[in-house]
Structure formats: C-alpha cells, structure tokens
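Q: So the sequence shown is numbered by the numbering used here: it starts at 60 and just counts up by one.
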Amino acid sequence: PDTLQPLLNNPSESVRGRTLDAILWNNSIRAKRIAVDFLKDNVDKIEACEKIIRHLSKTEVKTDYFYNTISTIVKNNPQHILIEAFQDLMIKLQSDLHEGSLKSIPSAADLVAIDKEILRKLPRFNEYDEAVKVSLRSAEVPFSKPELFDKFVDKSVCILGFTKAIDIFLEKQFGKKILLPKLESRLHEFQNVIHILRLNEDHPDASRVVVALGLEKHFTAHSLPVHKMTLIGKGMLSSKIINEQFKILDGLRAWAIMFLLFTRKYIAVQKPLIAVQFDENVCVDLAKKLMWLQDLRNPVAHRHTLTQIDEIKEIRDECYRILNNLEKIMM
Numbered sequence: 060p061d062t063l064q065p066l067l068n069n070p071s072e073s074v075r076g077r078t079l080d081a082i083l084w085n086n087s088i089r090a091k092r093i094a095v096d097f098l099k100d101n102v103d104k105i106e107a108c109e110k111i112i113r114h115l116s117k118t119e120v121k122t123d124y125f126y127n128t129i130s131t132i133v134k135n136n137p138q139h140i141l142i143e144a145f146q147d148l149m150i151k152l153q154s155d156l157h158e159g160s161l162k163s164i165p166s167a168a169d170l171v172a173i174d175k176e177i178l179r180k181l182p183r184f185n186e187y188d189e190a191v192k193v194s195l196r197s198a199e200v201p202f203s204k205p206e207l208f209d210k211f212v213d214k215s216v217c218i219l220g221f222t223k224a225i226d227i228f229l230e231k232q233f234g235k236k237i238l239l240p241k242l243e244s245r246l247h248e249f250q251n252v253i254h255i256l257r258l259n260e261d262h263p264d265a266s267r268v269v270v271a272l273g274l275e276k277h278f279t280a281h282s283l284p285v286h287k288m289t290l291i292g293k294g295m296l297s298s299k300i301i302n303e304q305f306k307i308l309d310g311l312r313a314w315a316i317m318f319l320l321f322t323r324k325y326i327a328v329q330k331p332l333i334a335v336q337f338d339e340n341v342c343v344d345l346a347k348k349l350m351w352l353q354d355l356r357n358p359v360a361h362r363h364t365l366t367q368i369d370e371i372k373e374i375r376d377e378c379y380r381i382l383n384n385l386e387k388i389m390m
C-alpha cells in the first residue's frame, strides 16, 4: 500500500478514487492506517469519507491509533454532514478495544445465567435476532460478574451494548419487516410527506416543523432534530433509502424520526403511513427516549468513562423498558 499512497494526492479525482479502493482492498493494518491518515486530511471529501467509514465499520481494528484519530475528527468537525457516522465508527473502534479484555470472562455457565436474567426482563428474548442477543449479553457482563469490574474499570461499554441492541432490534423488527415493504410499495407517499413538511429544503424553519408535526408540547425548535430529518428526507426523495436503507437510518435518532414522521396523525397526515400499535403519547415518549440514548453515546465516544456500576443501572433499566415495550408492539 505504501507504493500507492502518493497517488492519493493525484490531481485526477478518478485516479484518487481508484487508488483509495485499491488501498482499502488490502486488509493489512498498514493499509488501514494510510486510509485513516488520508481521511484525517480530507474530511471535506464526503464520498471518500463514506467509503473509509464503511470499510472500517466492517473490520476489527484493535489499536488505539484509529480510535484516537477518528475521535479527533469528531471533536474538530462537530457540524460535519457525516458526524453521526463518524461517532458510530468511533464507538465501534472503542468497543473493539474493550472486547479483547472481555473475551475470556463469560464461561458457558455465565452465559446461561445471563440469558436467564435477560429472559426474566424480556419474555421473548429467545426469539430475538442473534446479533441483539450478543449485544445484550455483552452489556450484562459487568452486572453478572461484578467482582471482575471493580471501581477502577470503565463500564461505559455497557451503554454501547444496550444501545446497539435496541438499534439492531429496530432494524430487524421495524426496518426490515414493516418499514422497507412500505417504502418499496408506497415510496411516493413518503416523499409527499417530506414535501408537505418542507423537509426537502436545506434549512427548513424548525419552529414551523415542530408546529406542523403537532409536537409543540414535546419539543422545541432546538430539541427536534430537524437537520437529521432533512438528511433522511433527501434519502427518500432520491430513492436511496430503498437500496441503502441502513446507511440512511443509521442510529436511534433516525428510528425516532421515522416514528414521529410516519406512525402518527398530525395536520399534514391524517392517516399514518405505517400502522404501529401504539398511541400518540407512547410514540412520542419512545422517540424522546431513543434520542436520549443516542445522546448518551456521544460522551462515551468522547472518552467519557463510567466506573460506578450505579451510574449505568438507570440506563440499563430504561433500555429494558424500551425493549419490553417494543416486544409488545412489534413481535
């Protein structure tokens, strides 16, 4: 990959793109480091950023250089259009670093005990997708083996496990089973809602959007993620959401937006496009909690540590309440 590195500065965009593809094709740590160094100096090149983020998200990189570099990019570019993708990558890299120290901890007996504890809270846990189960088990380890996680051990990895579990649950149970079939058959109706709310504009009036959605009692122009709504709206208007659904719906905040826009009645939409069995208050409360959990991930991603088990018990309990409600609604 070192012989290719100079070509990343070639004046031809085509040459730069093919060179980056070739470097990413090489699975060595050195190739990944060259790609990350290029990313660090070219955060304005959105297509290249997406390509590198996508590649690193699919591989395990257990050195702190990558985590520190992505962390710096996030810190220095808080308004970047891909900020949430960068944050998710940073959390993934941090999780990879933690994972090595946890691999030898849960024995087969430990896992049985963990599953029993989770099943006590989530009656349909055995029906969950395996990826959701794995994330929940990882998050439960510090609670099941407290003697190995004393006050000097960072427990923020629990938040990553719980939030990831909810994200994957929504992807499988809501995204693939409910949302995607609707999008494929009635995309034009979803696009109409985007136009009615004027979320096709680059900078829609947030106060007007709050009122149009009938959310004045629950959100302000500042707390409603209108910018994220416009990004999702553009994905719908371009039809990218059909083939790149889980690149556009990239986290808990995105799922919250889908609930607020398409599972409720409001002035612009008298019949929800997605029929989900919950009322207005439950819908809005769920959306707010998903956004709250997304916001909890950011301090963790920015090197915030949690050493007291009591600090995450409240978060853990809330995550189980959310999953319990989602079970009843979607399974």
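C-beta: ideal position from N, C-alpha, C; glycine also. From a predicted model like this one, the values you see are computed outputs, not experimental measurements.
Does the separation of the CB atoms of cysteine 342 and phenylalanine 321 fall below 8 Å?
A: In the sequence shown, the residue the question calls residue 342 occupies position 283. In the sequence shown, the residue the question calls residue 321 occupies position 262. No, these two residues do not count as a Cβ contact at 8 Å.
Q: Hey, how far is the Cα of arginine 183 from the Cα of isoleucine 225?
A: Counting from one through the sequence shown, the residue named residue 183 turns up at place 124. Counting from one through the sequence shown, the residue named residue 225 turns up at place 166. Cα-Cα distance, rounded: 14 Å.
Q: As a quick exercise: from Arg245, Phe221, Lys293, Phe228, pick the residue whose alpha carbon is nearest that of histidine 254.
A: Indexing the sequence shown from 1 puts residue 254 at position 195. Measuring from the Cα of histidine 254, the nearest candidate turns out to be Lys293.
Q: If you draw a straight line from the C-alpha of asparagine 340 to the C-alpha of aspartate 155, how long is it?
A: The residue labelled residue 340 in the question sits at position 281 within the sequence shown. The residue labelled residue 155 in the question sits at position 96 within the sequence shown. For asparagine 340 and aspartate 155, the distance between alpha carbons rounds to 38 Å.
Q: I need the boundaries of the alpha helix (DSSP H) containing arginine 312, first residue and last residue.
A: Walking along the sequence shown from the start, residue 312 turns up at place 253. Residues 311-321.
Q: Could you check the C-alpha separation between lysine 299 and glutamate 106 for me, to the nearest Å?
A: Indexing the sequence shown from 1 puts residue 299 at position 240. Indexing the sequence shown from 1 puts residue 106 at position 47. Approximately 15 Å, taken between the alpha carbons.
Q: If we call anything under 8 Å between Cβ atoms a contact, is methionine 176 one with glutamate 143?
A: Here residue 176 is taken as the residue at index 117 of the sequence shown, counted from 1. Here residue 143 is taken as the residue at index 84 of the sequence shown, counted from 1. Just to set this straight, residue 176 is glutamate in the shown sequence, not methionine. Contact: no.
Q: Would you mind sorting valine 74 into buried or exposed? The rule is 16 or more other CB atoms within 10 Å of its CB.
A: Locating residue 74 in the sequence shown gives position 15, counting from the first residue. Valine 74 should be labelled exposed.
Q: So does the stretch 237-248 actually touch the stretch 256-270, counting three or more Cβ pairs closer than 8 Å?
A: Cβ pair count under 8 Å is below three, so no.
Q: Which same chain residues end up closer than 7 Å to lysine 151 when comparing Cβ atoms and leaving out the 5 residues on each side of it in sequence?
A: As a first step, residue 151 must be located in the sequence shown, where it is residue number 92. Contacts found: Ser116.
Q: Return the CA-CA distance between cysteine 217 and valine 191, expressed in angstroms with no decimal places.
A: Looking up residue 217 in the sequence shown gives position 158. Looking up residue 191 in the sequence shown gives position 132. Taking the straight line joining both Cα atoms gives about 14 Å.
Q: Check the DSSP bridge columns for valine 335 and list the partner residues they point to.
A: Your numbering for residue 335 matches position 276 in the sequence shown. Answer is none; valine 335 lacks a bridge partner.
Q: Just to confirm the assignment: which complete alpha helix (DSSP H) runs, minimum length 4, are found wholly within the stretch 163-193?
A: Whole alpha helix (DSSP H) segments, 4+ residues: 167-180.
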